[in-house]
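So in the numbering used here, spot 46 of the sequence shown is number 109, and the numbers just go up one at a time. Quick notes on the structure that follows.
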Amino acid sequence: MTEPDTLLDPTAEIAPGLRPRTPPPADLAGKTVALLDISKSQGDIFLDQLETRLAADGIAAKRYIKPTNVSAAPETLIAEIAKDCDLVLEALSD
């Protein structure tokens with residue numbers, strides 16, 4: 064006797080929690096902006112341009128990079144960004 068085939072659902076079983084969107088700051092004066100490279104090709108080029116423009120306006124920026132683009136940022140990286148910065152800009156590319 065053979066076992067019946069089992070069809071597996073490849074989608075995630077856990078739905079992400081819904082959170083209200085945080086309103087953007089009125090301006091960036093006195094804020095530190097995290098520039099997060101998600102490790103996709105040429106994202107660093109985009110962030111280089113953002114960093115240059117922010118610096119020209121006197122806005123502090125700190126660079127961060129995810130170890131890989133195929134998984135979520137490690138909790139330690141998220142905690143570091145939350146501790147050091149006021150908002151995040153992510154580089155997405157393709």
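The beta carbon of each residue, even a glycine, is placed where N, CA and C say it ideally should be.
In or out: residue i buried (at least 16 other Cβ within 10 Å) or exposed?
i       : result
Leu-70  : exposed
Ile-144 : buried
Leu-81  : exposed
Leu-155 : exposed
Gly-121 : exposed
Ala-142 : exposed
Pick out whichever of the options has its Cα sitting closest to the Cα of residue i.
i       : options                         : result
Ala-118 : Thr-85, Pro-88, Lys-94, Ser-102 : Lys-94
Asn-132 : Ser-102, Asp-68, Ala-97, Val-96 : Ser-102
Leu-150 : Ile-128, Glu-66, Leu-99         : Leu-99
Leu-152 : Thr-65, Ile-128, Pro-137        : Ile-128
Along the beta strand (DSSP E) that carries residue i, what are the first and last residues, could you check?
i       : result
Ala-154 : 150 to 154
Which residue or residues does DSSP assign as beta-bridge partners of residue i?
i       : result
Lys-146 : According to DSSP, Lys-146 bridges with nothing at all.
Ala-29  : Nothing can be reported for residue 29, as the shown portion of the chain is limited to 64 through 157.
First and last residue of the alpha helix (DSSP H) that includes residue i?
i       : result
Ala-118 : 106 to 119
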